[in-house]
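Undergrad: Got a structure here, written out as structure tokens. Questions coming.
There are 4 protein chains.
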Amino acid sequence: MNQVNIALIGTGRIGRLHARNLAYRVPGARLLAIVDVLPDAAQACASETQVGEVCSDYRAVLERRDVDAVAICASTNMHARIVQDAAAAGKHIFCEKPLDLDLGRIDAMLAAVHRAGVKLQVGFNRRFDVHFRRVRDIVASGEIGVPHVVRICSRDPAPPPLAYIKVSGGLFLDQTIHDFDMARFVIGREVRELYAAGEVLVDPAIGEAGDVDTAVVTLRYDGGAIGCIDNSRKAVYGYDQRLEVFGSRGVASAANPRPDTAEWSTADAVHSSMLGFFFIERYTDSYIAEMRAFVECIQQDKPPEVGGADGRAAVVLGYAAKKSLAENRPVRLEEVATPKE
Amino acid sequence: MNQVNIALIGTGRIGRLHARNLAYRVPGARLLAIVDVLPDAAQACASETQVGEVCSDYRAVLERRDVDAVAICASTNMHARIVQDAAAAGKHIFCEKPLDLDLGRIDAMLAAVHRAGVKLQVGFNRRFDVHFRRVRDIVASGEIGVPHVVRICSRDPAPPPLAYIKVSGGLFLDQTIHDFDMARFVIGREVRELYAAGEVLVDPAIGEAGDVDTAVVTLRYDGGAIGCIDNSRKAVYGYDQRLEVFGSRGVASAANPRPDTAEWSTADAVHSSMLGFFFIERYTDSYIAEMRAFVECIQQDKPPEVGGADGRAAVVLGYAAKKSLAENRPVRLEEVATPKE
Amino acid sequence: MNQVNIALIGTGRIGRLHARNLAYRVPGARLLAIVDVLPDAAQACASETQVGEVCSDYRAVLERRDVDAVAICASTNMHARIVQDAAAAGKHIFCEKPLDLDLGRIDAMLAAVHRAGVKLQVGFNRRFDVHFRRVRDIVASGEIGVPHVVRICSRDPAPPPLAYIKVSGGLFLDQTIHDFDMARFVIGREVRELYAAGEVLVDPAIGEAGDVDTAVVTLRYDGGAIGCIDNSRKAVYGYDQRLEVFGSRGVASAANPRPDTAEWSTADAVHSSMLGFFFIERYTDSYIAEMRAFVECIQQDKPPEVGGADGRAAVVLGYAAKKSLAENRPVRLEEVATPKE
Amino acid sequence: MNQVNIALIGTGRIGRLHARNLAYRVPGARLLAIVDVLPDAAQACASETQVGEVCSDYRAVLERRDVDAVAICASTNMHARIVQDAAAAGKHIFCEKPLDLDLGRIDAMLAAVHRAGVKLQVGFNRRFDVHFRRVRDIVASGEIGVPHVVRICSRDPAPPPLAYIKVSGGLFLDQTIHDFDMARFVIGREVRELYAAGEVLVDPAIGEAGDVDTAVVTLRYDGGAIGCIDNSRKAVYGYDQRLEVFGSRGVASAANPRPDTAEWSTADAVHSSMLGFFFIERYTDSYIAEMRAFVECIQQDKPPEVGGADGRAAVVLGYAAKKSLAENRPVRLEEVATPKE
């Protein structure tokens, strides 16, 4: 199988981004159809990507024999149903994060995928970011020895709309979830316990909605490493995403890439260029790379680099963090979910 | 005029790169036809970019009414003829650098373009590099005052094949030509005199071919600023491209961008990531940006950002440098060419 | 009072360093006498600093009327007695950290100092480090707004001898104590609760001695900011000391200073210079600056920049961390000590 | 001979700096006497350094048998006489740069030193700067192969008073002289020819005084390397001193050290700390290191690290640059001076 024919479902911001990448930037991929419940949105995306086929019901594309895979970018509450239907139809699946906010439904999704024998890749695009991946590779090579401490800094430039925050599952399931995945990815180990400290410092309305906007989460890994994630919903200076792994034989880190390398000095100040604004700009290439990896894993019949178990694990960590925050104590992961092998 | 229909002529490495960009990365551009004297090369490029039309004689595309513009990536000795024919056919022209190695022929090309009233953009892609452009913008804003000193470092990772060097016009017309253009672009001033020091330090065969492989060129600008370019054909650590402008009220510089921001330290050493290898990787985005600018200048009927006079000026500087090297003395530009307004 | 006459007590490594600084680098200070229970040690230090007077009993110098102040660099278990005697003798006091490992004795020391009306400065030299102080100043200026997150990285190049670890009070009272002080200093706020995660990853013998060698401590400040300290006893790449404050209007950080700014690249790697080895090299200037501040606070009759309450607060944080580690839960400071105003 | 007894002659700014270093920072040195034609200046310097002996005539100290060496910091026009008298008296000599502005007198000084068999070290302190020395060491180790290009950037924060400029010998003998020495030092090779481009861009009064304030000098080394020095009398952002050596197997450079490592970002800008103001701050440690080396070369009877021939060579380069500027052509060094072995 050489060319992978893909239908894209959901044309919000991230859906359109994936559509453009699949159309123009992923060799071996062919974007066959665009699905959105809003026909105009589907059509607009199709025009932009020169795709002939649009429809408003994803089931239509699942019936097509020439569709090999689906890229699910619909809203989170639709993920479970589409994943299960797509699996039943024998389609390979790329699904945006989080898989779902309910662990029971996630387990049902993974079971359906397993039964169907299709591939499921979860949209943790940061694993494909060259900066973070380089750190992962250095760690994996053994160059810095056994990991002792993992530090992740992950700050958004501005909070999402309050309406979104209310349905997002909260900071830990919406924002930190990427960092939980990175924490597991970068050293290839599982977390067994965590402690979450959270505060409302950015906007009281976030607190009134029952969420926090600032957090520091301590992770305890199997085998003894300690992790530390710090999050904020609002870094006024830009999207701040950094990573460090300290080990028995060295340290490796990835700083924020800047949009350009210019530096300038005057009598008053030394300047350098500000961080790019947000994830679309920061992670542009990682979105392309994750789709290339998805197409490649289908073409070469390899396991996806970010599987269903990874999608589930990050949600479990999110629930553990919520519980830890609520009860102000360290929480073991088995308190919120039975381990899944 | 909304969509710009373009025929691409010449499918060597840089031609294929422009073809891919025009096909997938330049909104408003439509790549209509691929031309190469070698039919297989044309076909391979057309397949890659999903272009239906190929031909081996560029005159065929000049006759097509639906072709608005040509992108000339043929070998340098073909530029003059194609540019003049394209101008006569009323096509807008993007032409790779150098326009030609003969000033008389360049003047004929510019005259033809002028008569036809078409646009001519020269492929000095580095003007569109975000790092260097940022420096230019800072200078243009006045933030660092009046420019006093311009420093350009431009070192290739490895010399081209000797056969290429022999027909390239030599270091100054082949490699330094980009730096001469940058020197003019970054502060928006003309050079009136230069002194070129050159040596054969990389490979004696380059010297036997009558060229140098290492050079430092001092530029004297109108109005008093001094420029300094240093070149090498071989920087073993990668493609080294930096820029600095020192002015009465400050300094601005652009360092080499690195492929990733990783840094790592062990008991023995502190490491960071190596430079990307060569111009294709280093200037990827600038090639896209220059084509976007070309399409935009046609759509909006604006003068191109890099015009024929710029293409000519860089060649004049190259000849002045050759003369300076040969005679080991400063050379005024009017010694090699009458100024062109 | 212009010149401050000082007797130095204790000539271990840090004592000799202070002696040299007082002799040669602190204008207004005059080193009058060197005290050590080992006469040879006292004599060696006196020779190096051209001080005429040596003795083995610190009480002798307390009786001298021409001694204005003492610098106490004796072992920790001697601090309480010397401080109380010096206060009773009306001498101003510089005392190395920690004041003592027992909170009751610390309270007695502070009471004695208070009664005598003498000045007491505690040796938290890092407050005088230009890099960290610059961050503090930026925070204090309001430039980055209200502090939300404080990150401190503090890793030693190699663990001290096991014999020392056993009497040191453990990681939190020996190493982290500096970071606890920095955490308070850098944003000028008190901590009310903390959670300490610790592991034995460097050397099992440290675990057998009842201590940990790797730790991440989460701090909860009054008013809501969150702090995060990560420590290791062994960073093979050198002494790693960094600081970051994230606030409502920006972020400020201090990286590790390097011994030189050299960078070099070859075909294989990009290098920069390694970190200086340990605190003597890293904090050289801060030791001078703290002594200058001590002398100045006496000369100008100002409160010391690091007072007895600061010395006590860091010890309280150390005990809270020990308790948190032992019980694996967040600990409020009032659980280990009644607040001291 | 263990302790080296030194008399310091001339207590201007640089003299007082050397006096403080000799008094407090150079083990093995003993500052015996301070000489200045102005008795008050001598006395002030002696008080600051706790030196008992002052006098106004340098010949008095040359007669003392307990004086091993002199540090000559008097004005340049006094150097020749003092050096010759000191040599005749058998004293080792540290002499500030430039040795003299007249090559004939320099030759007489070197001859006197040679006859007397005393040591002469010239005050090119930048050779002892850790940043530049590291680059030199990397080059000397062969790690970056054979040097091809040397780049030196050397810009002062502000021009000296016009009165000083008029007697200074001009930019090339006053400011560039340090860079000429660095150019020779960093790769250990001699320059055979140079070309100097100069302009008056900072202050027309400097031009009226017959000097330039901005310059780019191209150096041609024996064996083929090319050097490039750029100078300005006025970098408003601070004292800018950088160095780079590009070689057949790599590149090594030294950036400007900054006073602290703080970086801070707000919604408007990314900042880092400004450069320290001028040479006293930038080169503090190099002044200490050069005096330590001077004392050591006497104690261990080694040749000084910067000898009389080095002092002469930099002046020759200065004269060649003046001639090149005046005649706007490359100048070979033998045009201004016969080589000195």
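Chains as they are written, first to last, in this note's numbering: chain R, 1 to 341; chain L, 1 to 341; chain U, 1 to 341; chain F, 1 to 341.
The beta-carbon is built from N, C-alpha and C at its ideal position, and this holds for glycine as well.
Predicted model, so just to flag it, every value in this text is computed and none were measured.
1) Residue 72 (chain L) bridges to which residues according to DSSP?
2) Please state the DSSP three-state secondary structure of residue 364 (chain F).
3) Determine the burial state of residue 260 (chain L): buried for a count of at least 16 other Cβ atoms within 10 Å of its Cβ, exposed for fewer.
4) Return helix, strand or coil for residue 283 (chain L), following the three-state DSSP convention.
5) Hey, how far is the Cα of residue 337 (chain L) from the Cα of residue 103 (chain L)?
6) If you draw a straight line from the C-alpha of residue 341 (chain F) to the C-alpha of residue 89 (chain F), how long is it?
7) Would you say residue 288 (chain F) lies against chain U (beta-carbon separation less than 8 Å)?
8) Three or more C-beta pairs under 8 Å: does that hold for the region 128 to 145 of chain U against the region 274 to 289 of chain U?
9) Based on the DSSP output, what are the partners of residue 266 (chain F) in its beta bridges?
10) Could you pull the start and end residues of the beta strand (DSSP E) that residue 227 (chain U) belongs to?
11) Could you confirm whether any beta carbon from chain R is found closer than 8 Å to the beta carbon of residue 263 (chain L)?
12) Helix, strand or coil for residue 341 (chain F)? Go by DSSP, reduced to three states.
13) So residue 173 (chain U) and residue 205 (chain U) are supposed to be a Cβ contact under 8 Å. How far apart are they, rounded?
14) Which same chain residues, not among the five before or five after residue 118 (chain R), have their C-beta less than 8 Å away from its C-beta?
15) Since residue 227 (chain R) contacts residue 150 (chain R) with CB under 8 Å, what's their CB separation in whole angstroms?
16) Classify residue 17 (chain R): buried if its beta carbon has 16 or more other beta carbons within 10 angstroms, exposed otherwise.
17) Apart from the five residues on each side of it in sequence, which residues of its chain come closer than 7 Å, Cβ to Cβ, to residue 135 (chain U)?
18) What is the residue span of the beta strand (DSSP E) that residue 216 (chain F) lies within?
19) Please classify residue 2 (chain U): is it buried, with 16 or more other beta-carbons within 10 angstroms of its beta-carbon, or exposed?
20) Is residue 154 (chain U) helix, strand or coil by DSSP?
21) Closer than 8 Å, CB to CB, is residue 266 (chain F) near chain R or not?
22) Return yes when the Cβ of residue 121 (chain F) is within less than 8 Å of the Cβ of residue 304 (chain F), no when it is not.
23) Using the three-state DSSP reduction, which class does residue 273 (chain R) fall into: helix, strand or coil?
24) Per DSSP, which one or two residues make a beta bridge with residue 33 (chain R)?
25) Could you name the residues of the same chain whose beta carbon sits closer than 7 Å to that of residue 295 (chain F), not counting the 5 residues immediately before and after it, in chain order?
26) Step through the CB atoms of chain R and report whether any lies within less than 8 Å of the CB of residue 98 (chain L).
27) What residue ranges within the region 163 to 208 of chain F form continuous beta strand (DSSP E) runs of no fewer than 3 residues, ordered along the chain?
28) What in chain L is Cβ-close to residue 158 (chain U), meaning under 9 Å?
29) Run through the DSSP bridge pairs and tell me what residue 240 (chain L) is partnered with.
30) Decide if residue 164 (chain R) is buried, meaning its Cβ has at least 16 other Cβ atoms within 10 Å, or exposed.
31) Per DSSP, residue 332 (chain L) forms a beta bridge with which residues?
32) Given that a residue counts as buried once 16 or more other Cβ atoms are within 10 Å of its Cβ, and exposed if not, what is residue 77 (chain U)?
33) Using alpha carbons as the reference points, say which of L:153, L:13, L:74 lies closest to residue 7 (chain L).
34) Pull up the distance between the alpha-carbon of residue 152 (chain L) and that of residue 181 (chain L), whole angstroms please.
35) Name the residue from R:67, R:39, R:276 whose alpha carbon lies nearest to the alpha carbon of residue 298 (chain R).
36) Can you tell me whether residue 67 (chain R) is helix, strand or coil according to DSSP?
TA: Let's see:
1) L:9, L:95
2) No statement about residue 364 (chain F) is possible, as the shown extent of chain F runs from 1 to 341 and does not include it.
3) buried
4) coil
5) 8 Å
6) Note that residue 341 (chain F) scores a pLDDT of 49, beneath 50, so its modelled location is shaky; the value from the coordinates is reported in the next line. Those two C-alpha atoms are separated by around 25 Å.
7) no
8) yes
9) U:250
10) 226 to 232
11) yes
12) The pLDDT assigned to residue 341 (chain F) is 49, lower than 50, so where the model puts this residue is not dependable; a value taken from the coordinates is nonetheless given after this. Here residue 341 (chain F) sits in coil by DSSP.
13) Not a contact, Cβ separation roughly 19 Å.
14) 86, 87, 90, 91, 92, 93
15) 4 Å
16) buried
17) 186, 243, 245, 252, 253, 254
18) 214 to 221
19) exposed
20) strand
21) yes
22) yes
23) coil
24) R:7, R:53
25) 4, 26, 28, 29
26) no
27) 191 to 199
28) Per Cβ cutoff of 9 Å: no residues; residue 158 (chain U) is ~11 Å from chain L at best.
29) L:155
30) exposed
31) L:193
32) exposed
33) L:74
34) 11 Å
35) R:67
36) coil
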